[in-house]
Amino acid sequence: MTHRRFLSGALAICAGALFCAAVLPAQQWKAPTSMKKLSNGLTVVVSEDHSAPTFGICVSYGIGFRLEPEGRTGFAHLFEHLMFEGTPNAPKGVLDRVIEGGGGANNGDTRYDYTEYIETAPISALDPVLWIEADRMKTLDFSPKNLDNQRNVVEEEVRVNVLNQPYGLFFAIDLPGKAFDTYPNAHNFYGEFKDLDAAKIEDVKAFYEKYYTPGNAVMAIVGDVKPEEVFAKVEKYFAPIPSRSTPAKPKVDEAPQKAERRSAETDAHARVPGLAIGYRMPPRKSADALAGAVTGELLQNGQASRLYQALVKDKQVALSVDGGVNWPLGTPFEYAGPTLMTSFIVYPPNVTEDQVLAAYDAAIKDLADNGPTQQDLDRIVAKMRSDIYGNLEIPINRASALSHAVLFNGNFDSVYQVPEELSKVTVAQVKAFAAKYLVSTNRTIINRVPAAAAAGKEKGAGQ
Amino acid sequence: MKILTIACAFLIVAAQSHAQKETVLPKDLPAYGPEKPLSAPSVKISKLDNGLTVWLVSEPGFPKVAFSIALHGGLAADPSDRAGLSQLLGNTIDQGTKTLNAKQIAQQLQAAGGDLGVSPGKDSTILSITVLSAKRDDALTILSDVVRNATFPDEEVALAKRNALNELRQQESQPSFLAGRAMAKVLFGDHPYHITSATEQSINASTTEDLRKIYAERFRPDQALLVAVGDFEADGMLDAVKSRFAEWKAPSTPPVTVPSETSSAPQHAIYLVPRPGSVQTTLELGSFGPLRSADDYEAARVANAIFGGTFGSRLTRNIREDKGYTYSPFATLQTYRAAGLQITRADVRNAVTAPSLNEMFYELNRMATTTPTDEELNTAKRFLVGIEAIQMQSRASVAGELARLWVNGLTPDAIGTYGKKVAATTAADVDTAAKKYFPAAKTAVVAVGEEKVVRDALSPFGLPVLSVPQ
Chain A
1 MTHRRFLSGA LAICAGALFC AAVLPAQQWK APTSMKKLSN GLTVVVSEDH SAPTFGICVS
61 YGIGFRLEPE GRTGFAHLFE HLMFEGTPNA PKGVLDRVIE GGGGANNGDT RYDYTEYIET
121 APISALDPVL WIEADRMKTL DFSPKNLDNQ RNVVEEEVRV NVLNQPYGLF FAIDLPGKAF
181 DTYPNAHNFY GEFKDLDAAK IEDVKAFYEK YYTPGNAVMA IVGDVKPEEV FAKVEKYFAP
241 IPSRSTPAKP KVDEAPQKAE RRSAETDAHA RVPGLAIGYR MPPRKSADAL AGAVTGELLQ
301 NGQASRLYQA LVKDKQVALS VDGGVNWPLG TPFEYAGPTL MTSFIVYPPN VTEDQVLAAY
361 DAAIKDLADN GPTQQDLDRI VAKMRSDIYG NLEIPINRAS ALSHAVLFNG NFDSVYQVPE
421 ELSKVTVAQV KAFAAKYLVS TNRTIINRVP AAAAAGKEKG AGQ
Chain B
1 MKILTIACAF LIVAAQSHAQ KETVLPKDLP AYGPEKPLSA PSVKISKLDN GLTVWLVSEP
61 GFPKVAFSIA LHGGLAADPS DRAGLSQLLG NTIDQGTKTL NAKQIAQQLQ AAGGDLGVSP
121 GKDSTILSIT VLSAKRDDAL TILSDVVRNA TFPDEEVALA KRNALNELRQ QESQPSFLAG
181 RAMAKVLFGD HPYHITSATE QSINASTTED LRKIYAERFR PDQALLVAVG DFEADGMLDA
241 VKSRFAEWKA PSTPPVTVPS ETSSAPQHAI YLVPRPGSVQ TTLELGSFGP LRSADDYEAA
301 RVANAIFGGT FGSRLTRNIR EDKGYTYSPF ATLQTYRAAG LQITRADVRN AVTAPSLNEM
361 FYELNRMATT TPTDEELNTA KRFLVGIEAI QMQSRASVAG ELARLWVNGL TPDAIGTYGK
421 KVAATTAADV DTAAKKYFPA AKTAVVAVGE EKVVRDALSP FGLPVLSVPQ
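Line order of the protein sequences matches chains A and B. For the record, in the first sequence the residue sitting at position 173 is 173 according to the numbering used here, with numbers rising by one throughout. For the record, in the second sequence the residue sitting at position 440 is 440 according to the numbering used here, with numbers rising by one throughout.
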């Protein structure tokens with residue numbers, strides 16, 4: 001699994017939040033942060049944090065699974081694995097030896113619009129870690145043997161997270177597949193095995209040449225450092241890397257959705273049914289996006305949320321409700337193409353899909369008709385702010401947030417500014433957002449039922 | 001926040017590499033810089049007149065505060081015909097107090113910026129929440145209300161029981177849950193630690209009276225710890241704690257007792273948990289390890305890191321980076337008050353079930369019978385010391401670690417001494433610990449998967465293939 005035991009807690013970069021709210025001016029928080037661009041195009045962000053003798057680093061590249069080639073589903077993620085498999089200078093094994101032997105840990109993530117490489121360690125390991133990141137920005141050890149090895153590892157990853165698990169991430173993989181119509185947004189990002197099997201070392205080389213350029217990367221370093229010292233080190237290790245052209249981003253828009261889309265699936269492992277609902281969201285830079293982020297959290301963040309209270313407590317038609325905008329593979333502020341507000345609901349076998357949907361629709365209608373109260377809004381803004389501070393507290397997570405912000409916006413201001421903007425979202429805006437976007441013609445629904453129960457039902461119907 | 005926890009479960013993540021026996025480092029790789037030692041958190045220790053232990057770590061600046069409240073008594077103390085009652089208590093403790101209903105509690109916690117986590121363990125129950133520091137007094141008020149005045153309303157308990165039955169069904173569809181439940185039964189037999197979860201029968205049998213009874217027995221100041229870490233002045237926080245907890249009275253009933261220590265090796269056999277339709281076999285190998293307070297705990301941690309606790313470890317290099325049998329092999333030491341475990345796990349595709357087990361046995365025995373190289377030893381030691389410093393970055397993880405130390409009968413200075421003991425560990429120490437804890441013959445092997453696949457694949461090992469005791 002992603003964050004393995006030795007990465008527990010402190011390294012969980014999955015906190016899906018880049019948002020904080022300045023309800024209480026006295027509680028605003030900002031860390032000293034500065035940015036510089038090297039002549040080869042690499043952008044570097046540094047944020048000081050002297051509370052522990054450690055640092056976190058994130059190198060994000062502006063390529064994710066949205067732009068992986070057709071016929072190569074899952075390739076961006078398979079490629080990510082190969083970034084750990086050595087270079088001509090530092091063969092397979094050196095990276096772990098250097099980082100773990102430096103007292104640190106490393107990992108990587110592939111998402112729709114970026115791939116990030118993250119490390120955290122005691123400050124004494126800063127130079128070797130920077131060297132490692134620079135080394136794999138120069139070239140890789142394009143080894144067919146390592147490709148075969150990691151192909152196997154990735155296929156085991158798909159088995160352990162998808163094929164051998166109840167629900168199989170259907171709300172993250174199958175739902176976009178139904179909700180969108182074009183390859184970039186609709187394909188299986190974890191990869192069909194036939195596509196993973198077809199990947200060749202030439203594909204790896206071409207992908208690296210095209211997307212893993214200094215100009216397509218943003219590196220952020222957070223921790224017990226002085227910015228001028230870090231900039232000097234970065235100049236030393238990264239400036240010699242030649243610049244290469246970075247491809248322009250193709251259009252990935254979808255034609256508007258006209259009607260509700262519903263389908264059903266059976267699940268070989270689950271014993272309790274699940275329902276996934278996805279509404280198409282406005283572009284990240286639209287005037288409605290901020291209200292959308294708040295609406296998603298108001299509906300689904302924790303036990304006080306509207307959908308938890310309606311479905312689990314009041315109507316008692318669900319066991320759990322999870323979700324949000326750009327959930328579960330990102331935050332409401334980190335996407336560069338079509339995305340959904342997703343709800344994943346697990347419900348008791350003696351409840352019907354229609355009963356769940358009736359309760360869900362009533363909760364949405366209430367929000368669209370009446371809006372939240374100002375108290376509702378204040379509470380969720382406080383919670384979002386607390387969540388994002390909890391994320392920024394940890395150097396590796398702050399590095400991740402800063403590098404993504406620069407990748408998406410060209411600057412890191414949003415990391416500290418969004419709080420103030422969030423607190424400006426009004427009751428009327430949330431009400432209007434719900435009325436405009438959370439409508440049936442804008443949504444896709446998949447009902448996922450246990451295979452055993454489905455078989456029983458068909459048998460019953462035939463009698 | 002709950003949605004984030006879920007999201008954590010399936011980030012799409014990275015590959016790792018494979019260290020050679022003695023790694024040849026690139027000639028222009030810069031050396032590590034000078035070490036800056038971790039300063040362990042400065043803990044102000046107090047005890048209220050009613051016996052409540054209070055550990056405060058003042059770290060002004062960053063605007064959050066983490067609280068943990070730990071209480072002795074968990075799954076091992078549940079009545080034998082109410083297995084898993086502590087879990088039901090965890091699910092209902094915040095569903096009503098004398099003055100607040102469930103929704104009010106949830107909304108007040110949200111307004112403070114936190115989610116209340118309740119973790120029932122074998123020995124303890126730990127409540128934790130991290131909030132905005134401006135709302136720390138509000139959070140403390142609600143925490144005190146929940147630990148002192150929970151009412152377990154009938155209708156909330158009835159709902160929690162219905163949901164628990166379905167959640168159990170849901171858990172039983174996950175191979176990791178099945179493996180963990182089976183391993184506890186195999187290793188602990190009749191010992192109270194064999195319980196990892198409720199059963200359908202125990203959920204149906206549990207009542208509000210049962211919950212109120214264990215709540216009264218366990219939620220008492222003389223058997224409790226309160227930890228706060230973050231943005232506050234220690235004196236002010238102690239006053240805030242006193243004003244909310246000083247009137248909390250301990251009952252005259254005896255406190256929960258710690259179970260007897262146990263470490264008897266299980267039968268070295270394969271315990272098969274059939275899971276039809278599995279495309280992988282989940283192999284979990286378990287044996288007894290050191291207690292957290294044992295002299296050889298740190299040496300065992302070093303051994304475990306070399307064996308399977310890192311991406312560069314022997315097990316990961318072998319069955320992931322060399323052979324590609326699995327994505328997520330790992331080895332871990334688990335510690336409870338009265339037992340320690342060494343657990344090794346890998347989910348492997350059906351076709352490589354047998355060769356995977358062969359390599360896991362091989363690596364366990366190699367650990368138990370050969371001395372690690374200097375490179376392995378130094379890397380593991382530096383890794384463990386460094387990771388401790390990294391975990392101290394988060395107020396919530398400091399609070400959680402302090403609570404776990406208290407549950408294990410240790411004091412805050414264990415954070416400082418752990419790193420020193422790891423750094424002082426010698427190859428001979430690792431040899432001794434590994435010989436004691438890592439021989440494959442001391443393990444029980446739980447295999448969750450397609451029954452015929454597992455039986456056919458594992459028959460050449462000549463080990464008994466047993467069902468898991470119920």
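Yeah, the Cβ is synthetic: ideal placement off N, Cα and C, and Gly gets one too.
Measuring only between beta-carbons, confirm whether residue i sits less than 8 angstroms from chain B.
i	result
PRO372(A)	no
ALA22(A)	Here ALA22(A) scores only 29 on pLDDT, less than 50, and its place in the model is too uncertain to base an answer on.
LYS383(A)	yes
HIS187(A)	no
PRO25(A)	Unreliable placement is indicated for PRO25(A), whose pLDDT of 45 sits below 50; the coordinate value is still reported in the next sentence. False, the Cβ-Cβ gap to chain B never drops below 8 angstroms.
GLY177(A)	no
ALA90(A)	yes
PRO242(A)	no
Indicate whether at least one CB of chain A lies closer than 8 angstroms to the CB of residue i.
i	result
PHE361(B)	no
PHE232(B)	no
LYS44(B)	no
VAL318(B)	Before going further, note that residue 318(B) is Asn rather than Val in the sequence given. No, because no Cβ of chain A sits closer than 8 angstroms to the Cβ of ASN318(B).
THR417(B)	no
LEU38(B)	yes
GLN393(B)	yes
GLN110(B)	yes
Beta-carbon separation of residue i and residue j under 8 angstroms?
i	j	result
ILE241(A)	MET137(A)	yes
PHE245(B)	LEU226(B)	yes
SER128(B)	ALA399(B)	yes
SER343(A)	GLY330(A)	no
ALA382(A)	ALA111(B)	yes
TYR112(A)	GLY62(A)	no
ALA76(A)	GLU68(A)	yes
LEU75(B)	SER86(B)	yes
TYR491(A)	PRO63(B)	Lying before the first or after the last residue shown, residue 491(A) is absent from chain A, which here runs from 1 to 463.
Does DSSP put residue i in a helix, in a strand, or in coil?
i	result
HIS194(B)	helix
TRP55(B)	strand
ASP239(B)	helix
LEU127(B)	strand
ASN164(A)	coil
ASP49(B)	coil
THR151(B)	coil
ALA172(A)	coil
HIS269(A)	coil
MET35(A)	strand
ALA451(A)	helix
Would you mind telling me which residues of chain A sit closer than 8 angstroms to residue i, beta carbon to beta carbon, in chain order?
i	result
VAL279(B)	ARG159, LEU163, ASN164
GLU35(B)	PRO122, SER124
Report the neighbours of residue i on chain B: residues whose CB is nearer than 7 angstroms to its CB, in chain order.
i	result
ALA121(A)	GLY386
ALA259(A)	Ordered by position in chain B, no residue passes the 7 angstroms Cβ test against ALA259(A), which lies about 28 angstroms from the chain.
TYR389(A)	PRO63, LYS64
ASN152(A)	GLY324
ILE394(A)	GLN393, SER394
Who are the neighbours of residue i on chain A, taking C-beta pairs under 9 angstroms?
i	result
TYR297(B)	Within chain A, no residue comes near TYR297(B); the closest Cβ sits about 16 angstroms away, beyond 9 angstroms.
For a contact meaning CB atoms closer than 8 angstroms, what does residue i contact in chain B?
i	result
LEU319(A)	ASN163, ASN166, GLU167, GLN170
Kindly list, in the order they appear in chain A, the residues whose Cβ is closer than 7 angstroms to that of residue i.
i	result
SER173(B)	PRO166, HIS269, ALA270, ARG271
Report the neighbours of residue i on chain B: residues whose CB is nearer than 9 angstroms to its CB, in chain order.
i	result
ARG398(A)	Here the premise fails: no neighbours, minimum Cβ distance about 10 angstroms.
Requested in this report: Take every Cβ of the region 423-430 of chain A, pair it with every Cβ of the region 243-254 of chain A, and state whether three or more of those distances are shorter than 8 angstroms.
Outcome: Short answer: they don't touch.
Query - the region 120-134 of chain A contacting the region 158-174 of chain A, beta-carbon criterion three pairs below 8 angstroms - result: Short answer: they don't touch.
Query raised in the report: Does the region 168-184 of chain B come within contact of the region 133-142 of chain B, defined as at least 3 CB pairs closer than 8 angstroms?
Result: Flag = no, the region 168-184 of chain B and the region 133-142 of chain B do not touch.
Query raised in the report: When the Cβ atoms of the region 436-448 of chain B are set against those of the region 255-275 of chain B, are three or more pairs found closer than 8 angstroms?
Result: Because the criterion of three Cβ pairs below 8 angstroms is met, the region 436-448 of chain B and the region 255-275 of chain B touch.
Query raised in the report: Do three or more CB pairs link the region 283-295 of chain A to the region 407-424 of chain A at distances below 8 angstroms?
Result: Counting C-beta pairs with one atom in each stretch, the region 283-295 of chain A and the region 407-424 of chain A have three or more that are closer than 8 angstroms, which means they touch.
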